[in-house]
Structures are given as structure tokens and as C-alpha cells.
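Everything below concerns the one structure shown next.
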Amino acid sequence: MKTNPTLLTIRFIVLIGMTALVLTRSNALAQSPNLSGQWTSEYRCPSGDTYSLTVQINHRGQQISAVKNSEDPCFGAGQTAFSGNVAGNSGQLTCTYAYDPGPTTSNNSNNVWLGILQTLADSLTPRTYAIGTTPGSLSVIDANNIVACTLPFVRDGLPPPAYGNSTPAQSTVAAQSSAGRVTLQQPTLTYDDANQKYTLRVNGQLRGARGSEAVLGYFFQYENNQTWTTLRAKKGSEYNSVDGDLASYNYFTANFDPYELGVLTVELPYAEINLRSGRTYKLRGWAEVFINNKSLESSTPVEFNFAPG
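For the sequence shown, numbering that gives the first Met the number 0 gives the first residue as 0, with consecutive numbering after it.
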């Protein structure tokens with residue numbers, strides 16, 4: 000749920016993102032703020048130009064990732080800015096960076112005219128930048144301020160709730176949010192056996208809520224004696240609702256109207272499904288969109304089988 004930019008210039012290098020080391024879970028995680036939401040900063044392109052930087056952060060447990068929302072001549076929107084792990088108020092990260100690979104050189108170094116023409120062509124062609132990685136860090140100052148790969152980021156809007164209390168966040172645009180309208184199709188579910196998790200996605204649109212902070216949540220039931228029964232979350236799990244039910248969320252800002260919900264994914268590790276081993280269960284999951292703690296719409300559920308390992 001999980002490449003695009005968090006940037007700083009080091010000589011001719013621009014840092015763009017991060018992939019963290021796996022950190023041991025600690026009690027500090029309970030005090031760590033949920034960093035999910037939209038954040039802003041600015042960075043300097045290798046060209047020397049400075050651009051504003053807007054990213055959408057998704058923070059779940061120790062996992063964190065950010066996708067660039069802003070569009071500029073240096074890097075396009077939709078790339079992953081950084082991803083990795085965080086424990087407490089810090090993280091050890093690997094930052095993606097952009098650099099100028101330099102002008103193209105001619106294969107025929109003895110031909111002066113070819114060299115001149117190549118230089119002219121390079122000057123007329125829009126510059127493209129290469130991408131690499133380098134170690135970095137994450138420092139959480141508070142719920143609304145972080146430093147990632149040396150860039151200071153400030154949150155747009157209000158933070159979502161802390162872990163273990165995964166009720167949808169309050170919107171900063173209450174009047175506009177109240178008019179939000181949602182259309183949802185049946186979700187799709189992808190098995191990722193290599194990483195032992197499900198990835199869920201639902202196509203649909205959120206209209207009339209531009210600028211609002213919203214939540215896409217998934218909830219689950221299993222068939223028990225021909226009756227659908229709500230799945231409960233494991234004790235201490237971060238994949239839970241305020242009622243203790245199994246749930247997984249993606250916090251986002253509706254930057255467009257309509258906002259296409261199909262760009263969002265939600266993950267659920269197999270190990271979070273709290274069922275006894277020894278048999279195969281029929282499960283179903285559905286999507287809901289929330290603004291201002293209010294469910295705007297629920298999707299038709301998707302059914303699937305699950306056999307605990």
C-alpha cells in the first residue's frame with residue numbers, strides 16, 4: 000500500500016525517498032503519531048529550480064510509504080517518494096535520489112561536427128534525471144511535523160487517530176465533506192503469498208468533497224453455520240476498528256473532484272485473520288468510505304476462501 004520525492008541537493012544529487020531498515024517493534028510505537036495523510040515540503044531539482052513537494056503518506060504499524068501528488072518538470076506525480084519502517088519517533092531509511100547523468104557523448108570522438116551537433120541536441124532536449132538510492136533517516140517531531148531525508152515536512156489538515164483507535168479522522172472541510180457522494184464497485188482481492196498478505200482495491204469515485212480528508216476502510220466477516228459473523232481483530236493488533244473488529248484503512252485527501260478511489264490500495268496480512276487452523280473458511284470483505292466519522296457508502300462484498308497456516 001503501498002516511488003517519488005522527498006528531496007535535498009547534495010552536490011548534484013537530489014534525495015527523493017526512502018526505504019527503511021526493518022526495526023524491532025517497541026512500546027514506543029504506541030506513542031508514535033499516525034503519519035497518514037497529506038504532507039508538504041519543497042525541494043531543489045538538479046537544474047537548480049526549487050519546487051513545492053506534496054506527498055500522500057500511508058502509515059500502518061511500522062510500515063510507512065509516501066506517493067508524490069505534486070507535478071513539476073523535475074519529477075512527475077504518482078511516483079513513490081519514500082517507503083520503509085518507523086519505530087517510535089525515528090526510522091532508519093534509504094532515500095531515493097535524482098541526479099543529472101550528464102550530456103550524451105558521441106560514439107565517434109574523432110568527429111568534431113558530430114560532437115557539436117550532439118551538444119546542440121542536448122541543449123534543446125528537455126533534461127531527464129537518473130535515479131539512485133542512499134541511506135537517510137526519519138525524525139518525527141510531532142503529529143504535524145517530520146524531517147525525512149533532511150527535508151522538513153508539514154502536515155496538511157488534521158492527523159488521523161492513533162493506532163488502536165482506527166476510527167476515521169475528522170475532516171477540515173466539514174461543510175463540503177457533508178455533501179460528499181460515493182459510488183463503489185465490488186472490491187478486487189489479490190493474493191500475495193510471497194509476502195503473506197492480501198491487497199484490496201475498489202474502483203469508484205468520491206464527488207463533492209475536494210480538499211477533504213477521508214478514509215477508505217475494509218471490513219471482514221466469515222461464514223459460521225450459514226451465518227455471516229464479524230471477524231474480530233487479534234488482541235493488540237493495529238488492524239482494528241474502535242469496536243475491536245478486524246479492519247484495514249487508507250487515509251487520503253481528496254485532491255480532485257471526482258477523486259478516483261481505484262488508485263488506493265489497502266493491505267491485510269494473512270496473520271491478522273483471527274481464525275483457528277485446521278479448516279478452510281469462507282470470508283467476505285467490503286469497502287466503506289468515511290468523512291467526518293460518517294460512512295458515506297459501502298460496497299458489495301467480495302467473497303474468498305482462507306485456510307489458516
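Glycine is no exception: its CB is placed at the ideal position from the N, C-alpha and C atoms.
Reference residue i; option with closest CA among the options
| i | options | result |
| --- | --- | --- |
| N291 | R275, P186, G179 and P268 | G179 |
| S64 | A147, I130 and A142 | A147 |
| R231 | S247, G83 and E287 | S247 |
| T138 | V153, Y128 and T127 | Looking at the sequence shown, residue 138 is not Thr but Ser. Ranking V153, Y128 and T127 by Cα distance to S138 puts V153 first. |
| D191 | S136, C94 and Y269 | Y269 |
| G135 | I145, V181 and Q91 | Q91 |
| P32 | S240, I145, G47 and Y258 | I145 |
| N273 | T79, G87, Q220 and V241 | Q220 |
| T79 | V181, S240, I130 and Q195 | I130 |
| W227 | V181, H58, S240 and K281 | K281 |
| Y42 | G87, H58 and P151 | P151 |
| G47 | G261, G87, Y98 and T229 | Y98 |
| G207 | P257, V265, R275 and S240 | P257 |
| G75 | G87, A86 and S51 | S51 |
| H58 | A306, R275 and V265 | V265 |
Buried versus exposed call for residue i [16 or more other C-beta atoms within 10 Å across all chains shown]
| i | result |
| --- | --- |
| F289 | buried |
| K293 | exposed |
| E212 | buried |
| P100 | exposed |
| G203 | buried |
| N84 | buried |
| I140 | exposed |
| K67 | buried |
| L263 | buried |
| G308 | exposed |
| G235 | exposed |
| N224 | exposed |
| Y217 | buried |
| E259 | exposed |
| A193 | exposed |
| S298 | buried |
| E70 | exposed |
| V201 | buried |
| A86 | buried |
| M0 | At M0 the pLDDT is 39, less than 50, meaning the model places this residue with poor confidence and gives no usable figure here. |
| V318 | Missing from the structure shown is residue 318; the chain here goes from 0 to 308 and no further. |
Beta-carbon proximity check, residue i vs residue j, cutoff 8 Å
| i | j | result |
| --- | --- | --- |
| L215 | F251 | yes |
| E296 | E302 | no |
| L267 | L205 | no |
| T53 | T39 | yes |
| L188 | Y197 | yes |
| I56 | S35 | yes |
| P300 | G277 | no |
| E237 | G77 | no |
| N249 | T279 | no |
| R209 | A142 | no |
| L245 | E222 | no |
CB-CB length for residue i against residue j, believed under 8 Å
| i | j | result |
| --- | --- | --- |
| Y96 | T132 | 7 Å |
| Y128 | P186 | So it is not a contact: roughly 37 Å between Cβ atoms. |
| Q62 | D155 | Not a contact, Cβ separation roughly 21 Å. |
| C94 | F81 | 7 Å |
beta-carbon residue i near the ligand ATP non-hydrogen atom, thresh 7 Å
| i | result |
| --- | --- |
| Q204 | Judged by which ligands are present, the structure shown has none, so any question about the ligand ATP falls away. |
Below-8 Å beta-carbon distance, residue i vs any chain D residue
| i | result |
| --- | --- |
| A76 | In the displayed structure, chain D is absent; only one protein chain is listed. |
### Query
Unbroken beta strand (DSSP E) runs of length 3 or more, entirely within the region 191-259: which are they?
196-200, 203-206, 212-223, 226-229 and 246-252
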